[in-house]
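Right, one structure below, let's go through it.
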Amino acid sequence: MNIAIIGTGNVAQPLGSLLQGASHRVIFGSRQTTGDRITSVEEAAKQGELVILAVPYETALELASRADIQQALTGKIVIDITNPLAADYMSLRVGHTSSAAERIQERLHGARVVKAFNTIFADVLSAKVQGEAVAATVFVASDDADAKAQVLTLASEMGFASVDSGALTNARYLEPVTELAIQLAYGQGLGTRLGFQLIHVGK
Ligand SMILES: NC(=O)c1ccc[n+]([C@@H]2O[C@H](COP(=O)([O-])OP(=O)(O)OC[C@H]3O[C@@H](n4cnc5c(N)ncnc54)[C@H](OP(=O)(O)O)[C@@H]3O)[C@@H](O)[C@H]2O)c1
0 MNIAIIGTGN VAQPLGSLLQ GASHRVIFGS RQTTGDRITS VEEAAKQGEL VILAVPYETA
60 LELASRADIQ QALTGKIVID ITNPLAADYM SLRVGHTSSA AERIQERLHG ARVVKAFNTI
120 FADVLSAKVQ GEAVAATVFV ASDDADAKAQ VLTLASEMGF ASVDSGALTN ARYLEPVTEL
180 AIQLAYGQGL GTRLGFQLIH VGK
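In numbering that gives the first Met the number 0, the protein residues as written are 0 to 202.
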C-alpha cells in the first residue's frame with residue numbers, strides 16, 4: 000500500500016521504517032521537501048492511499064481544517080497518532096467530553112479517522128526497528144469498521160499485538176493513557192522505553 004506520513008519527526012521516522020519493513024511504500028509530507036521520498040504535505044496527502052498524521056495536535060487540527068487537505072483525504076483512512084498535550088507535556092488540553100481524534104474527524108468529515116499508535120513512544124518504535132522484542136499493544140479505535148480492521152492488520156504486519164478498542168470516542172481514554180506514560184517516563188524517571196501491554200486472563 001502507498002502510505003503517506005505527514006511529519007518527519009521522532010515518531011514518523013521509525014513508523015516509516017516499520018511500515019517499509021512490512022513491504023509498504025512510504026512517503027513523507029514535510030514543510031521542507033528534499034526529494035522523492037519527502038514531498039510537500041499537500042502532495043503526500045494526495046498520494047497516500049492511507050495517511051498518518053505524525054505532527055503536533057495543533058498542526059493536525061490546522062491541516063484538517065484546510066479545504067485542499069480535506070479534499071485530498073476524502074474517503075481515505077487517516078491514522079491519528081497525536082496527543083493533545085499541554086506545552087509542558089504534563090497534562091492534556093482536551094478530554095472527558097471529546098478527544099483529539101474526534102476533533103480531527105469533525106474537520107475531516109469525508110475521511111475515515113482511526114486512532115492508533117498514540118500510546119507507543121518513539122523510543123519503543125525505534126527499539127522495534129532495531130529488532131528488539133517489544134510487546135507493547137497498539138490500541139485501535141474508529142467508527143469505520145473496515146478502516147479499523149485495516150489498521151489492526153497494519154499493526155500486526157509491523158509486529159505489534161493490536162486490539163480493537165471500539166469507537167472513536169474511546170480516543171478520550173486512549174489519549175490519557177499516553178499522559179500516564181509521560182508521567183511514568185519523566186515524572187517517575189522510568190524513561191521513554193516503556194509501553195503498555197494488554198493482558199486478558201479470560202472471561
Ligand atoms: N514522541 C513520541 O514518543 C510520541 C509517541 C506517540 C505519539 N506522539 C505524537 O506524535 C506527534 C508527533 O510527535 P513527534 O515526537 O514525532 O514530534 P516531532 O519530532 O517534533 O515532529 C513533529 C513533526 O511535525 C512537523 N510539523 C510541525 N508543524 C508543522 C506544520 N505546521 N506543517 C507541517 N508539518 C509540521 C515537523 O516538521 P518540521 O521538522 O518542519 O518542524 C515534524 O516533522 C505528536 O502529536 C505527538 O503527540 C509522539
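C-beta atoms are modelled at their ideal positions from N, C-alpha and C, and glycine is treated no differently.
Ligand 1 and Glu42: does any heavy atom of the ligand fall closer than 7 Å to the residue's C-beta? Judged by the Cβ position, Glu42 fails to qualify as a neighbour of ligand 1 at the 7 Å threshold, every heavy atom of the ligand being at least this far.
For Asn1, which beta-bridge partners are listed by DSSP? Looking at the DSSP assignment, Asn1 forms a beta bridge with Arg24.
Under the three-state reduction of DSSP, which class applies to Arg171: helix, strand or coil? Note: Arg171 maps to helix in three-state DSSP.
Reduced DSSP secondary structure (H/G/I, E/B, other) of Thr58: Three-state DSSP puts Thr58 in a helix.
Short of 7 Å in beta carbon distance, which residues of its chain neighbour Ile119, apart from the five on each side in sequence? Order them along the chain. Correct list, in chain order: Ala135, Val137 and Gly194.
At which residues does the alpha helix (DSSP H) containing Arg106 begin and terminate? Note, Arg106: alpha helix (DSSP H), Ala99 to Arg106.
Under the rule that 16 or more other beta-carbon atoms within 10 Å means buried, what is Arg102, buried or exposed? Looking at its Cβ environment, which holds 16 or more other Cβ atoms inside 10 Å, Arg102 is buried.
Three CB pairs or more closer than 8 Å across the segment 142–149 and the segment 28–35: Between the segment 142–149 and the segment 28–35, the count of Cβ pairs shorter than 8 Å is below three; the stretches do not touch.
Rounded to whole angstroms, what's the CA-CA distance from Val123 to Asn9? Just pull it up for me. Roughly 11 Å separates the two Cα atoms.
Could you tell me if the beta carbon of Thr168 falls within a distance shorter than 7 Å of some heavy atom in ligand 1? Distances taken from the Cβ of Thr168 to the heavy atoms of ligand 1 include none shorter than 7 Å.
For Val162 and Lys45, the rounded distance between their alpha carbons: Taking the straight line joining both Cα atoms gives about 29 Å.
Could you check whether Leu62 and Ile68 sit closer than 8 Å to each other, using their CB atoms as the reference points? The answer is yes: Cβ separation under 8 Å.
I need the straight-line Cα distance from Tyr88 to Gln182, nearest angstrom please. Rounded to the nearest whole angstrom, the CA to CA distance from Tyr88 to Gln182 is 9 Å.
Taking only heavy atoms of ligand 1 into account, decide whether any of them is closer than 7 Å to the Cβ of Ile4. Set against 7 Å, the gap from the CB of Ile4 to the closest heavy atom of ligand 1 is not smaller.
Taking 8 Å as the threshold (C-beta atoms), are Ile4 and Val25 in contact? By the CB criterion at 8 Å, Val25 and Ile4 fall inside the cutoff.
Rounded straight-line distance, which links the Cα of Ala99 to that of Val93: Using only the alpha carbons, I get a separation of about 7 Å.
Can you determine whether any heavy atom of ligand 1 sits closer than 7 Å to the C-beta of Ile80, and answer yes or no? Ile80: yes, Cβ under 7 Å from ligand 1.
Rounded to the nearest angstrom, how far is the Cβ of Lys75 from that of Ala53, given a contact under 8 Å? In this structure Lys75 does not touch Ala53 by the C-beta definition: roughly 15 Å separates them, more than the 8 Å allowed.
According to DSSP, what are the bridge partners of Arg111? Answer is Ile76.
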